[in-house]
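Everything on this sheet refers to the single structure shown next.
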Amino acid sequence: MFPIKESRFLSGDVKLFRVEAPRIARKRQAGQFVIVRIHEHGERIPLTIADSDVEQGTITIIVQGVGKTTRLLNQLEAGDSILDVVGPLGEPSEIKKFGTVVVIGGGVGTAIAYPTAVAMKQAGNHVITIVGARNQSLLILEDEVRATSDELYLMTDDGSYGEHGFVTQKLQALIDQGRTIDHVLAIGPIPMMRAVAEVTRPHQIPTIVSLNPIMVDGTGMCGGCRVYVGKECKFACVDGPEFDAHQVDFTNLIQRNKMYRDREQESLEAFEADPTHDLEEAHHCHMEQKFPEVGPRTV
Amino acid sequence: MVDKLPPKQRTKIPRQVMPEQEACQRAHNFDEVNLGLTEAIAQRESQRCLTCADPKCTHGCPVGVQIREVVDLVREGEYLSAAAKLREDNVLPAVTGRVCPQENQCEGACVLARRFNSLAIGHIERFVADYERQTGQVGLPERAPLTGKKVAIVGSGPAGLSCAGDLSLKGHEVTVFEALHEIGGVLIYGIPEFRLPKEIVRQEVENMRAMGIDFQTNVVIGKTVTIDELFNEEGYDAVFIATGAGLPKFMNIPGEQLAGVYSANEFLTRVNLMKAYDPDQYDSPIYDCRGRNVAIVGGGNTAMDSVRSALRLGAKNAYIIYRRGEEEMPARGEEVHHAKDEGVQFMNLHNPLEFVGNEEGNLTGVKLVKMELGEADESGRRRPVPIEGSEFVMPIDMAVVAIGTGANPLVQSTTPDMATNKWGYIVADEETLRTNKRGVFAGGDIVSGAATVILAMGAGRVAARSMHEYLETGQW
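In order, the protein sequence lines correspond to chains G and S.
The opening position of the first sequence corresponds to residue 328 in the numbering used here, with each subsequent residue numbered one higher.
The opening position of the second sequence corresponds to residue -16 in the numbering used here, with each subsequent residue numbered one higher.
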């Protein structure tokens, strides 16, 4: 049982939670994630740790409501609890002084890129952050990102805020200006990460992406999250989630992530039609005694 | 009390058969296949025991259950005392009675087996444990006075649970750490409901809680807390590593990345731990097997569990693809029989060369080559050799790779001063299960490689004895 200490929406369907998990808060490094399960009938889903507070014993997770589990999670408030939170999982980001680092966040990916940007800044890098979203209402963490960046570029697909265009256009512009870029980290939707990889490839700029395959346990015991990097099979939960963008087989990742699309849709529709059962379970189920007391000893 | 029959009459009683669900019915549900002995059958079976002066069966049992004494108590109708006697050596009797390969262990050693059929020790054990559970009067053994020593057990599978039970009885304060959200290791995520109902595992764990053992789920040792932190920051006096062999092996053949290809660990974890077979109640999805062709690669118990699960999920055709013959199959005979009765199709002497997919990246078939058995290899089994020109593609929609597992490196990678062998398994002394790191013991599959539930429990008992000695003397 992991109590939620604070929750607030950052944009329409993106919510931030501060969750009590002292052990995880103590150990967590940028780039790592947790697996959560909301209630007894729930599934396990991976979520990146956006921040942590060792003294308060809390971690911060940022959740976009895209399917049943994330929408259910986004209906929880401070005072509620998450049944299971396990972590920190995965390998931490490689943090060192590269020189000039470009951190690119797309949509809720900004929440995942943010802790690495902070760590990169602390390591003495010149941090350029490019944040993109479809429109102004979907931009998150603007103030936080601004505080940790030497340069910040905000991009919207529709031009409703910041500059009009994709994150890749800004990245290309920086390269075309002849800016020295030593390291790129891109986190967001897979097509965005793939596009970034294609922009940096001809210039041989080392580029890292944080992959988001389907996971179950998150500890390397099932291989459900396997991704193919330079023809090699890797488990994103233990070998990643960050990999060399120029080596990743993005097509396979997209195909594997579609495997349960129909079932996910059904599950979401059933939840939207009647969320009461799940909400009740999320609020109460873990309070109950699951098993009867055992009887007296007979020997 | 029932009188003992003279030995000649005892051997005239045929070995009693356990009732089971009809194959045509059970192939479509996840309810337990074996239904358990009735009291009358258990009584009759117990009459067959020759009550040997030096019972070979106990030597055949990796945890040394006092089988003759248990069977005597059953014959006398003292079922609760029989259960208590069982628990002196075995913390999971309802589990081992179901999943042990008794034919190779206690029953294999039974003297009756030489001329007749062995005593059905596993069935009697299961009867006793089930009887006790149904009465709710669990005969937990007495715990020794508290020693003030703290022990951490890493992993809550059979090895960890059995070690925890013994150490707790010795009066040590025991905490079991588990990475998943539920206690039991392979008993929970690996072995399906139709062989081992999860309610039984949960009840055994509750019994252990009642013995004073602390269980902490969602803790990944190596990530959430390291071994060194257990000693230095959390004040543990000794650690037992029992993390198992949970790293799935793939075949590294083309097409293994296609959607629809699972490791057995993933497939079974979704089915068992996440209960994906019950989509109305549970959120975790699984490939929709209904009306589909499903192939499982491998010939062990994991392959049998996977193929029988696929059938129950509605597969039209469920195949076992195994590169050797049925005689070489490592799976228990009982499981192979059950699978056949349920309609599993065995394609022995076939080996996959490649998985074939469509443009969307979904699995559509498997390219197989026929095999024949050649010379015996080092293991004494005849080596399978491909028959040239025999390749063909079989259409399938889903595949499960069940060719074995390796050592999960999570603990080892964050404990660099602990010795491992070239396969990543932890090196531990055979007799004491001590590692090269002071206070750290290791046992079960993480030392031996993938084996059986009861061998892991045996290792847990050995570790408990050895750890107790270390905790008492402080000598390493």
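Glycine included, each C-beta is placed from N, C-alpha and C at the ideal position.
Residue i - DSSP class collapsed to helix/strand/coil
| i | result |
| --- | --- |
| PHE598(G) | helix |
| GLY432(S) | coil |
| ASP197(S) | strand |
| VAL16(S) | coil |
| ASP178(S) | It should be pointed out that residue 178(S) corresponds to Arg in this sequence rather than to Asp. Residue state, collapsed to three classes: coil. |
| CYS44(S) | coil |
| MET586(G) | coil |
| THR79(S) | helix |
| GLU333(G) | strand |
| PRO398(G) | The displayed chain sequence assigns Arg, not Pro, to residue 398(G). Helix at ARG398(G). |
| ALA405(G) | strand |
| PRO141(S) | helix |
| LYS350(S) | strand |
| ILE514(G) | strand |
| GLY434(G) | coil |
| GLN592(G) | helix |
CB contact below 7 Å: residue i versus chain G
| i | result |
| --- | --- |
| ALA286(S) | no |
| PRO268(S) | yes |
| GLY363(S) | no |
| PRO237(S) | no |
| ALA103(S) | no |
| ASN201(S) | yes |
| GLU249(S) | yes |
| SER246(S) | yes |
| GLY229(S) | yes |
Chain-ordered chain G contacts of residue i [CB-CB under 7 Å]
| i | result |
| --- | --- |
| ARG253(S) | VAL543 |
| THR403(S) | By Cβ distance, chain G contributes nothing, its closest Cβ being about 16 Å from THR403(S), past 7 Å. |
| THR463(S) | No information on residue 463(S) is available, as it lies outside the stretch -16 to 459 that chain S covers here. |
| GLU490(S) | In this structure chain S extends from -16 to 459, so residue 490(S) is not present and cannot be described. |
Proximity below 7 Å, CB of residue i to CB of residue j
| i | j | result |
| --- | --- | --- |
| THR285(S) | ALA385(S) | yes |
| VAL454(G) | GLN391(G) | no |
| GLY80(S) | ALA112(S) | yes |
| PHE13(S) | ARG295(S) | yes |
| GLY427(S) | ALA142(S) | yes |
| ASP509(G) | THR456(G) | no |
| PRO378(S) | GLY407(S) | no |
| VAL381(G) | ALA405(G) | no |
| PHE338(S) | GLU187(S) | no |
| VAL412(G) | ALA348(G) | yes |
| ALA563(G) | PRO529(G) | no |
| TYR555(G) | ASP589(G) | no |
| LEU595(G) | LYS395(G) | yes |
| ILE304(S) | ALA278(S) | yes |
| ILE633(G) | VAL458(G) | Because chain G spans 328 through 626 in this model, residue 633(G) falls outside it and cannot be assessed. |
| TYR453(S) | MET381(S) | no |
| THR403(S) | GLN395(S) | yes |
| LEU152(S) | PRO124(S) | yes |
Assigned exposure category for residue i - 16 Cβ within 10 Å defines buried
| i | result |
| --- | --- |
| MET287(S) | buried |
| GLY131(S) | exposed |
| LYS405(S) | exposed |
| LYS(-5)(S) | exposed |
| ARG421(S) | exposed |
| PRO373(G) | buried |
| ARG431(S) | It is worth fixing the name first, because residue 431(S) is Ser in this sequence and not Arg. Burial call: buried. |
Interface partners of residue i on chain G, CB under 8 Å
| i | result |
| --- | --- |
| ALA162(S) | VAL413, ASP544 and THR546 |
| THR207(S) | ARG350, ILE351, LYS354, VAL413, GLY414 and PRO415 |
| ALA242(S) | GLN582, ARG583, LYS585 and MET586 |
| MET257(S) | GLU370, ARG371 and VAL543 |
| ASN391(S) | THR546, GLY547 and MET548 |
Contact set between residue i and chain S, taken where Cβ atoms lie within less than 9 Å
| i | result |
| --- | --- |
| LYS395(G) | ASP266 |
| GLU591(G) | PRO268 |
| SER594(G) | PRO262, ASP266 and PRO268 |
Under 9 Å from the C-beta of residue i: neighbouring residues of chain G
| i | result |
| --- | --- |
| PHE233(S) | GLY550, ARG553 and CYS560 |
Cross-chain neighbours of residue i in chain S, by beta carbon under 7 Å
| i | result |
| --- | --- |
| ARG364(G) | HIS164 |
| ILE369(G) | Checking the sequence shown, residue 369(G) turns out to be Gly, not Ile. Those within 7 Å of GLY369(G) in chain S are ASP266. |
7 Å Cβ cutoff, residue i in contact with chain S
| i | result |
| --- | --- |
| ASN579(G) | yes |
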